[in-house]
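See below for the structure under consideration.
Number of protein chains: 2
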Amino acid sequence: MSLRHALLGLLSERPASGYDLLKLFDTSLATVWPATQSQIYTELTKLADAGLITVAAEGPRGRKEYALTEQGMAELRHWLTETAPQRNTRSDILLRVFFLGVLTPGQARAYLTELVEMSAQGEESLRHLAESIDWDDDNLSTYGRIVLEYGLRFNAMRRDWAEWAAGQIT
Amino acid sequence: MSLRHALLGLLSERPASGYDLLKLFDTSLATVWPATQSQIYTELTKLADAGLITVAAEGPRGRKEYALTEQGMAELRHWLTETAPQRNTRSDILLRVFFLGVLTPGQARAYLTELVEMSAQGEESLRHLAESIDWDDDNLSTYGRIVLEYGLRFNAMRRDWAEWAAGQIT
DNA sequence: GAAGTCATGTAACGGGTTACATGATTTG
DNA sequence: CAAATCATGTAACCCGTTACATGACTTC
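Respectively, the protein sequence lines represent chains A and B.
Just so we're aligned, residue 17 is where the first sequence starts under the numbering used here, counting upward by one.
Just so we're aligned, residue 17 is where the second sequence starts under the numbering used here, counting upward by one.
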């Protein structure tokens, strides 16, 4: 049920249309919470029906600009303060590691080396991202930077780990 | 589509029933790829229909022990060597960080401190897990240890990051 | 013989992905 | 006026979760 909260969160900054939100997802939330166009539009309709957002303005081409209602803001705060985040996330990448034993040691090492590569690239592209963004002083920027720092540290950790793991295979 | 590969992977070690697999999931794969009982049983039926596994033996109470077929092993190897793992995983925890700006600085700091706590506990319980397991010399153990090391490093990284992030909030 | 464990299966529902479908407005 | 972009909506399908349902065997 987090998509709805992601939408509420983005709308808490400023009103936006489905189209705007789709782009915000692709640019800022993509790595943390990807969402598709169809998903966003259907969820926006549900949120409006539930009274958590409203159509604040209409524009050309049927554009509907949504804004957060008081109720929506309350729900967002409730989610942030009263509900526990869940720790378990599925990881395709780690699942494979469990079963590397069915491969030859060389192949297993190759997989881990690929992960080193992937993590290094991830770090690299986050650095580029950090430079390309013109960080405003708004909330999304402040906390966006903190999330980005997480990404940097995460990739560095994974790179080191994969390097170590590759060395473990004899 | 990774549940099927998780099942194939576990069956590559030794034959097992749905019931056995359910427990293996709960004990060894829970943090990386959780699965429910209903999911496991339905997927096993599909895998058997597809010829990737077969009922190798039947036991009391309708117990069906499944074993990997050659085809199943081929599919497992194919998955491990030829298909790219996908990097993006959704994170409830990080999504919240983006929107901490709607809370007071104190509340935001409280959330991050909670994450410090959660990560420290995660690390702790992984240490206990490591001690409680009697590590065999089989493949699952070798690579299981590597995955566990990942968990330790991950939690340590997240703890440090959350501590740092809490300090960023003025 | 009661309680616990072993053992399997199915149905309803919710969220996410892919694909289809349409059309208005702006820009070169 | 053609191409690009803006803009929304819906349908089919897959995967995962929760809940329901049933019964055989073992242990105390």
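Each residue gets a CB set at the ideal place from its N, CA and C atoms; glycine is no exception.
Exposed unless 16 or more other CB atoms sit within 10 angstroms - verdict on residue i
| i | result |
| --- | --- |
| A:Asp-108 | buried |
| A:Met-173 | buried |
| A:Ala-51 | buried |
| B:Ala-90 | exposed |
| B:Trp-151 | exposed |
| A:Arg-112 | buried |
| B:Ala-22 | buried |
| B:Thr-61 | exposed |
| B:Thr-99 | exposed |
| B:Thr-75 | According to the sequence shown, residue 75 of chain B is Gly rather than Thr. When all chains shown are included, B:Gly-75 counts as exposed. |
| B:Gly-34 | buried |
Interface residues of chain B facing residue i [CB-CB closer than 9 Å]
| i | result |
| --- | --- |
| A:Leu-119 | Arg-93, Leu-96 and Thr-97 |
| A:Ile-151 | One detail in the question is off: residue 151 of chain A reads as Trp in this sequence, not Ile. None at all; the shortest Cβ gap to chain B is about 13 Å. |
| A:Gly-138 | Arg-103 |
| A:Gln-87 | Here the premise fails: no neighbours, minimum Cβ distance about 14 Å. |
Cβ-Cβ distance between residue i and residue j below 8 Å
| i | j | result |
| --- | --- | --- |
| A:Glu-81 | A:Ala-72 | yes |
| B:Glu-29 | B:Leu-131 | no |
| A:Phe-114 | B:Gly-67 | no |
| A:Arg-103 | B:Gly-167 | no |
| B:Leu-40 | B:Ala-32 | yes |
| A:Arg-169 | B:Trp-177 | yes |
| A:Gln-123 | B:Thr-97 | yes |
| A:Arg-93 | B:Val-118 | yes |
| B:Ala-64 | B:Leu-27 | no |
| B:Arg-13 | A:Thr-105 | One cannot answer for residue 13 of chain B here, as it falls past the ends of chain B, which runs 17 to 186. |
| B:Thr-47 | B:Ile-69 | no |
| A:Ala-136 | B:Ile-162 | no |
| B:Ile-185 | B:Arg-125 | yes |
| A:Tyr-127 | A:Leu-116 | yes |
| A:Asn-171 | A:Leu-142 | yes |
Proximal residues of chain B, C-beta to C-beta of residue i below 7 Å
| i | result |
| --- | --- |
| A:Val-113 | Tyr-159, Ile-162 and Val-163 |
| A:Ser-18 | Asp-108 and Leu-111 |
Listed by chain order, chain B residues near residue i by CB distance under 8 Å
| i | result |
| --- | --- |
| A:Val-48 | Arg-106, Ser-107, Leu-110, Leu-111 and Phe-114 |
| A:Leu-68 | None at all; the shortest Cβ gap to chain B is about 14 Å. |
| A:Leu-45 | Leu-111 and Phe-114 |
Under 7 Å from the C-beta of residue i: neighbouring residues of chain A
| i | result |
| --- | --- |
| B:Tyr-166 | Leu-110 and Trp-177 |
| B:Gln-1 | Any property of residue 1 of chain B remains undetermined from this structure, which presents chain B solely from 17 to 186. |
| B:Ser-28 | Phe-115 and Val-118 |
| B:Arg-169 | Met-173 and Trp-177 |
| B:Ala-22 | Leu-111 |
| B:Ala-181 | Ile-162 |
| B:Gly-25 | Phe-114 and Phe-115 |
Partners in chain A for residue i, counting only beta-carbon separations shorter than 9 Å
| i | result |
| --- | --- |
| B:Tyr-156 | In the sequence as presented, Tyr is not what sits at residue 156 of chain B; that position holds Leu. Near B:Leu-156 (Cβ distances below 9 Å), the residues of chain A are Phe-114, Phe-115 and Gly-117. |
| B:Gln-123 | Arg-93, Leu-96 and Thr-97 |
Quiz prompt | Segments assigned alpha helix (DSSP H), at least 4 residues, entirely inside the region 104-128 of chain B | solution = 108-114
Quiz item: Where are the beta strand (DSSP E) runs, 3 residues long or more, that stay fully inside the region 40-99 of chain B, in chain order?
Solution: 69-74 and 80-84
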